[in-house]
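Sequence order for the protein chains is A and B.
Counting from 1, one number per residue, gives the positions in the first sequence under the UniProt record's numbering.
Counting from 1, one number per residue, gives the positions in the second sequence under the UniProt record's numbering.
Virtual Cβ for every residue (Gly too), placed ideally from N, Cα, C.
Treat the numbers as computed from the prediction; the structure is a model and nothing was measured.
To start, the structure itself, in structure tokens.
There are 2 protein chains.
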Amino acid sequence: MAEQVRAIRTRQAILSAAAKIFEEHGYQAATISQILGEAGVTKGALYFHFQSKEDLAQGVLAEQDQHQQLMVPERASKVQEIVDVVMLHAHRLQTDPMVRAGVRLSMDQLAQGLDRSGPFLRWGEVGCTLLERAQAQGELLPHVVVPETADVIVGSFAGIQSMSQAICDYGDLVVRVSALMRHLLPSVVVPSVLASLDLAETRGATVYAEARKAADALELAPAG
Amino acid sequence: MAEQVRAIRTRQAILSAAAKIFEEHGYQAATISQILGEAGVTKGALYFHFQSKEDLAQGVLAEQDQHQQLMVPERASKVQEIVDVVMLHAHRLQTDPMVRAGVRLSMDQLAQGLDRSGPFLRWGEVGCTLLERAQAQGELLPHVVVPETADVIVGSFAGIQSMSQAICDYGDLVVRVSALMRHLLPSVVVPSVLASLDLAETRGATVYAEARKAADALELAPAG
Numbered sequence: 001m002a003e004q005v006r007a008i009r010t011r012q013a014i015l016s017a018a019a020k021i022f023e024e025h026g027y028q029a030a031t032i033s034q035i036l037g038e039a040g041v042t043k044g045a046l047y048f049h050f051q052s053k054e055d056l057a058q059g060v061l062a063e064q065d066q067h068q069q070l071m072v073p074e075r076a077s078k079v080q081e082i083v084d085v086v087m088l089h090a091h092r093l094q095t096d097p098m099v100r101a102g103v104r105l106s107m108d109q110l111a112q113g114l115d116r117s118g119p120f121l122r123w124g125e126v127g128c129t130l131l132e133r134a135q136a137q138g139e140l141l142p143h144v145v146v147p148e149t150a151d152v153i154v155g156s157f158a159g160i161q162s163m164s165q166a167i168c169d170y171g172d173l174v175v176r177v178s179a180l181m182r183h184l185l186p187s188v189v190v191p192s193v194l195a196s197l198d199l200a201e202t203r204g205a206t207v208y209a210e211a212r213k214a215a216d217a218l219e220l221a222p223a224g
Numbered sequence: 001m002a003e004q005v006r007a008i009r010t011r012q013a014i015l016s017a018a019a020k021i022f023e024e025h026g027y028q029a030a031t032i033s034q035i036l037g038e039a040g041v042t043k044g045a046l047y048f049h050f051q052s053k054e055d056l057a058q059g060v061l062a063e064q065d066q067h068q069q070l071m072v073p074e075r076a077s078k079v080q081e082i083v084d085v086v087m088l089h090a091h092r093l094q095t096d097p098m099v100r101a102g103v104r105l106s107m108d109q110l111a112q113g114l115d116r117s118g119p120f121l122r123w124g125e126v127g128c129t130l131l132e133r134a135q136a137q138g139e140l141l142p143h144v145v146v147p148e149t150a151d152v153i154v155g156s157f158a159g160i161q162s163m164s165q166a167i168c169d170y171g172d173l174v175v176r177v178s179a180l181m182r183h184l185l186p187s188v189v190v191p192s193v194l195a196s197l198d199l200a201e202t203r204g205a206t207v208y209a210e211a212r213k214a215a216d217a218l219e220l221a222p223a224g
């Protein structure tokens, strides 16, 4: 058990180091030696967890979605749940270096040989699942094609965050994401649902506090 | 006159070389020597046109918008003109290496020390100008805040192109951009205008052919 905990910690230390090095040098220029130096682990430990530089990058890429999906509490309105996932992600981009590193890597159009499609496809699936539930309970307009709408949300979010980073290092991210939601949702959601949505800029921080509390309660609970 | 033409050609050759090197190595890792080697010009010629690596990158970044604005013919509907600018840009991204390089650089979140905000801000201004004209002639819904909507269009386009590049190297770009327009415009445009818009996936290619013809006619015309 102690060994397992140690292994998880080592893996996290390596991923944090990889995230930092990828952010500093870009995927292309980063080397495994730099990551080793930053993580302060042995070569053997690193290769036990990760086979290659691409493998390390995929680990960092995966961090952004794994954390995410666990954390948004269920909502009666599945459209609100989508908004909450998006707004929480925006909030975490502003505050969590690991989430930030994962997103930057997935936006690194210069990273040759790195398959960056994973996060887009996985986020697309999250979007599809939630939109299908919204559709099933009558929240969506009749013309909506779920995979198309999911991809529009995922793709446009990716660009809005990049623009916010370029212009003011994420200073206005939640404002921009709230504006994006107000622009996209009227063509997707029935008016009665639209009117009841919380699209405020503060939504991400609120959901984060709520989700954090739920996660902490779960960790304190005895394992089954 | 001949000298001026030569200078313009040299500048273009240097920019093309810079675009290629930035795409291959990323902004961070690229060096001026590599660009010199690729362009096949003297150091003196390069420094006559560009002072530094950042200056070269700004030159490549500027290429994507300068070409663009000249080329879309005026439309009676300013919203259609916006759609045409966006669709033409998507088409050129699929077909023009220089436009592609400029966009990739502006999306390079790892390019430290490079101010990538320029293209976002300049595209935002293009959007504002056209949206203001649309607003003046009653094409927009009353609640629209022009700079906000311009930024949503620019930012979301940036992400949609990045997603398309990551998933299939721009193979489905025009399909995705058409879907984006269909999702954004209903919350921006009055219904009667919306119904008359051409948002087809083929729109970019059509506008390109039209604009190319106009540009060629202009070049053939005697200078005033």
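Limits of the unbroken alpha helix (DSSP H) element including G143 (chain B): The displayed chain sequence assigns His, not Gly, to residue 143 (chain B). Careful: H143 (chain B) lies outside any alpha helix (DSSP H) and carries neither H nor E.
Chain-ordered residues of the segment 140-153 of chain B with a beta carbon less than 8 Å from chain A: E148, T149, D151, V152
Whole angstroms are fine: how far does the CA of R212 (chain B) sit from the CA of D55 (chain B)? 29 Å
By a C-beta neighbour count over all protein chains shown, 10 Å radius and 16 as the cutoff for buried, is E23 (chain B) buried or exposed? buried
State buried or exposed for I8 (chain B), treating a residue as buried only when at least 16 other CB atoms are found within 10 Å of its CB. exposed
I'd like to know if the segment 88-95 of chain B and the segment 199-218 of chain B are in contact, where contact means that at least 3 CB-CB pairs between them fall below 8 Å. yes
Quick check: what's the CA-CA separation for G59 (chain A) versus I167 (chain B)? 19 Å
Distance cut-off 7 Å: H143 (chain A) Cβ against heavy atoms of the ligand SAH: With respect to the ligand SAH, the structure shown offers nothing to examine, as it has no ligands at all.
Mind reading off the beta-carbon distance from V154 (chain A) to G118 (chain A)? Whole number of angstroms is fine, and I expect it under 8 Å. That belief does not hold up - the Cβ atoms of V154 (chain A) and G118 (chain A) are roughly 12 Å apart, past 8 Å.
Looking at C-beta atoms only, is the number of pairs between the segment 34-43 of chain B and the segment 11-18 of chain B that lie closer than 8 Å three or more? yes
Could you tell me which chain B residues have their CB closer than 8 Å to the CB of L56 (chain A), listed as they occur along the chain? Going along chain B, no residue has its Cβ under 8 Å from L56 (chain A), so there is no contact; the nearest lies around 15 Å.
Spell out a yes or no on whether the segment 132-147 of chain B and the segment 158-165 of chain B are touching, meaning 3 or more CB-CB pairs, one atom from each, closer than 8 Å. no
DSSP three-state call for V190 (chain B): helix, strand or coil? coil
If you run the structure through DSSP and keep just helix, strand and coil, what is R182 (chain A)? helix
Could you give the first and the last residue of the continuous alpha helix (DSSP H) run that contains D84 (chain B)? 78-95
Put T31 (chain B) into one of helix, strand or coil per three-state DSSP. coil
Residue-level contact to chain B via CB, S77 (chain A), 8 Å cutoff: no
Just the Cα atoms here: how many angstroms apart are V189 (chain B) and S187 (chain A)? 12 Å
Only counting the same chain, and skipping five residues up and downstream in sequence, which positions put a Cβ closer than 7 Å to that of V72 (chain A)? E81, D84, V85, L88, V207, A211
Residue range of the alpha helix (DSSP H) that G44 (chain B) falls in? 43-49
Give me the subset of the segment 160-172 of chain A whose CB atoms are less than 9 Å from a CB atom of chain B, sorted by chain position. I160, Q161, S162, M163, S164, Q165, A166, I167, C168
For residue 237 (chain B), which three-state DSSP category applies? For residue 237 (chain B) there is no data in the structure shown, the boundaries of chain B being 1 and 224.
DSSP-derived helix/strand/coil call for M107 (chain A): coil
Please determine, among B:Q165, B:A150, B:R176, the residue with the shortest C-alpha to C-alpha distance to D151 (chain A). B:R176
So which residues on chain B does Q28 (chain A) lean against when the C-beta distance must stay under 7 Å? H25, G26, A29
Helix, strand or coil for G224 (chain A)? Go by DSSP, reduced to three states. Confidence is the limiting factor: at G224 (chain A) the pLDDT is only 44, short of 50, which leaves the residue's position unreliable, though a coordinate-based value still follows. Correct three-state label for G224 (chain A): coil.
Would G26 (chain A) pass as a contact of G26 (chain B) if the rule is Cβ separation under 8 Å? yes
Rounded C-alpha distance that separates Q12 (chain B) from R100 (chain B): 15 Å
Identity of the residue in A:L105, A:Q94, A:L194, A:G171 nearest L114 (chain A) by Cα: A:L105
At the 8 Å Cβ level, is S156 (chain B) part of the contact set with chain A, yes or no? yes
Using only the alpha-carbon positions, how far apart do H49 (chain B) and T10 (chain B) sit? 9 Å
Using the C-alpha atoms, what's the distance from L140 (chain A) back to Q34 (chain A)? 49 Å
E132 (chain A) and V146 (chain A) look like a contact to me (Cβ under 8 Å); what is the Cβ gap, rounded to whole Å? 6 Å
Taking only beta-carbon atoms, is S117 (chain B) less than 8 Å away from chain A? yes
What residue from B:A29, B:A76, B:A30, B:Q94 has the CA that sits closest to D172 (chain B)'s CA? B:Q94
Candidates A:K78, A:M98, A:R92: which alpha carbon is nearest A57 (chain A)'s? A:M98
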